[in-house]
Amino acid sequence: MINTKVNFCGIEFKNPVVTASGTFGFGMEYNQFVPIEEYGGFGAKGLTRSPRAGNKPPRIAETPSGILNSVGLQNPGVEYFAENIMPILSDYDTNVIANISGNTVEEYCEMAEILSDTAVAVIEMNVSCPNIKHGGMAFGTNPKTVYELTEAVKKYSKKPLVVKLSPNVTSIADIAKAAEKGGADGVSLINTLLGMKIDINTRKPILKNNTGGLSGPAVKPVAVRMIHEVYEAVKIPIIGMGGVMSGEDVIEFMLAGASLVALGTGLFSKPDLIISVKRDIQAYMQRHSIDDINTLIGAAVMH
Numbered sequence: 040m041i042n043t044k045v046n047f048c049g050i051e052f053k054n055p056v057v058t059a060s061g062t063f064g065f066g067m068e069y070n071q072f073v074p075i076e077e078y079g080g081f082g083a084k085g086l087t088r089s090p091r092a093g094n095k096p097p098r099i100a101e102t103p104s105g106i107l108n109s110v111g112l113q114n115p116g117v118e119y120f121a122e123n124i125m126p127i128l129s130d131y132d133t134n135v136i137a138n139i140s141g142n143t144v145e146e147y148c149e150m151a152e153i154l155s156d157t158a159v160a161v162i163e164m165n166v167s168c169p170n171i172k173h174g175g176m177a178f179g180t181n182p183k184t185v186y187e188l189t190e191a192v193k194k195y196s197k198k199p200l201v202v203k204l205s206p207n208v209t210s211i212a213d214i215a216k217a218a219e220k221g222g223a224d225g226v227s228l229i230n231t232l233l234g235m236k237i238d239i240n241t242r243k244p245i246l247k248n249n250t251g252g253l254s255g256p257a258v259k260p261v262a263v264r265m266i267h268e269v270y271e272a273v274k275i276p277i278i279g280m281g282g283v284m285s286g287e288d289v290i291e292f293m294l295a296g297a298s299l300v301a302l303g304t305g306l307f308s309k310p311d312l313i314i315s316v317k318r319d320i321q322a323y324m325q326r327h328s329i330d331d332i333n334t335l336i337g338a339a340v341m342h
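This is the structure:
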């Protein structure tokens, strides 16, 4: 028998494949393509303290081997999710990873406290948000800020707290170590890379917000490198993401150090991607006589 179960932060995932927040709605939308219970877990759409309408369109732009997005965290708010959406999701046999974004430490703490009283399995804290009390610089770009934020939110979270790291930093390993020191139970990476696309006829950026987050296969080599750097730097487990399009990609991310691997942009082009991904993983394990997928985590041999 092949074992694909992974224990992540004390929670059993029946397989290591999850989804990246912002690419999977609140899960139920994908049931028309494939049962969401095929996943070990999924990252729900990012939540904020109050409802948000998001940015003005255009807010999606295609690029070679990826997309730029500037959706702006459109969501119904954490309280609506806790009261109206999570009760429905709790009936499904899969783990829900709730993603939170805030502009102040207090907002993050309040959201963690609200979600702690729901059936979510994990709280993922997006630190790529502007700290409005400190000049708008993103929380996740400074190790000291990440440490202080994580330490504060951890006191309010009864669920495992995973810090989602931005790749738009000098040293992602230093940021990961700061999250670990602050009490994070795990980290997830990479978030999107900052990019821009300009219409050469209008001479204006395609996106109304000018810049957006780049995701898709184009970012995958960056993600693999950063996951490995973080795996070497911390002892807490990793959710890896960034351009995953196949079961082979999942294996590569696990070899780099990820315990769980998220599908994201690939779901836009192939909503039932999970089916072929799981099939590819099984085939790889059989081909290489691997009976436990956990033996792959961090097993890449560096020169």
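At position 191 of the sequence shown (counting the first as 1) the number is 230 in the numbering used here, and the numbers step up by one without a gap. Virtual Cβ for every residue (Gly too), placed ideally from N, Cα, C. Because the structure is a prediction, the values reported are computed rather than measured.
Terminal residues of the alpha helix (DSSP H) in which residue i lies
i, result
"Thr184", "Pro182 to Lys193"
"Ile320", "Leu312 to Arg326"
"Gly286", "Gly286 to Ala295"
"Val57", "Run containing Val57: none in the alpha helix (DSSP H); it sits in the beta strand (DSSP E), Val56 to Thr58."
"Cys148", "Val144 to Ser155"
CB of residue i within 8 Å of CB of residue j, strictly
i, j, result
"Gly293", "Ile336", "Reading the sequence as shown, one finds Met at residue 293 and not Gly. The answer is yes: Cβ separation under 8 Å."
"Thr250", "Ser109", "yes"
"Val117", "Thr87", "yes"
"Gly79", "Lys53", "yes"
"Lys203", "Glu163", "yes"
"Lys216", "Val56", "no"
"Ala212", "Glu268", "yes"
"Leu107", "Leu253", "yes"
"Asn123", "Arg91", "no"
"Asn29", "Gly225", "The requested residue 29 does not occur in the structure, where the chain is confined to residues 40 to 342."
"Cys168", "Ser140", "yes"
"Ile332", "Pro97", "no"
"Cys148", "Val192", "yes"
"Lys172", "Thr143", "yes"
"Met176", "Leu228", "no"
"Tyr119", "Ala151", "no"
"Met125", "Val159", "yes"
"Ile153", "Ala121", "yes"
Per DSSP, the bridge partner or partners of residue i
i, result
"Phe63", "Phe63 is not bridged to any residue."
"Asn94", "Answer by DSSP bridge pairing: none, since Asn94 is not bridged."
"Val45", "Phe52"
"Ala272", "For Ala272, which the question treats as bridged, DSSP gives no partner whatsoever."
"Ala137", "Ile162"
"Val300", "Val56 and Gly279"
"Ala177", "Pro169"
"Gly85", "Beta-bridge pairing links Gly85 to no other residue."
"Gly79", "None, per the DSSP bridge assignment."
Residue range of the unbroken beta strand (DSSP E) whose run includes residue i
i, result
"Leu335", "Run containing Leu335: none; DSSP gives neither H nor E here."
"Phe52", "Ile50 to Phe52"
"Glu163", "Val161 to Asn165"
"Met280", "Ile277 to Met280"
"Leu306", "Premise fails: Leu306 lies in the alpha helix (DSSP H), Gly305 to Ser308, not in any beta strand (DSSP E)."
Nearest-angstrom Cβ-Cβ length linking residue i and residue j, presumed shorter than 8 Å
i, j, result
"Asn170", "Thr184", "7 Å"
"Glu77", "Ile313", "5 Å"
"Thr189", "Gly221", "3 Å"
"Val300", "Val283", "6 Å"
"Pro256", "Gly105", "6 Å"
"Ile237", "Thr43", "Not really, about 44 Å apart at Cβ, beyond 8 Å."
"Val161", "Ile50", "7 Å"
"Pro310", "Phe72", "4 Å"
"Pro182", "Ile214", "6 Å"
"Asn230", "Pro206", "6 Å"
"Ala262", "Ile277", "With 8 Å as the limit, Ala262 and Ile277 do not qualify as a contact, their Cβ atoms being about 11 Å apart."
"Lys243", "Lys95", "Not really, about 14 Å apart at Cβ, beyond 8 Å."
"Ala295", "Tyr323", "That pair is no contact at about 15 Å."
"Ile127", "Met67", "7 Å"
"Thr102", "Leu306", "Wrong, their Cβ atoms sit about 17 Å apart, outside the cutoff."
"Ser315", "Gly286", "7 Å"
Enumerate, from N- to C-terminal direction, the unbroken alpha helix (DSSP H) stretches of 4 or more residues contained entirely within the region 192 to 263.
Unbroken alpha helix (DSSP H) stretches of 4 residues or longer found wholly inside the region 192 to 263: 211 to 220, given in chain order.
Entirely enclosed beta strand (DSSP E) segments - the region 97 to 129, minimum 3 residues
For the region 97 to 129, whole beta strand (DSSP E) runs of length 3 or above, ordered along the chain, are 99 to 102 and 105 to 108.
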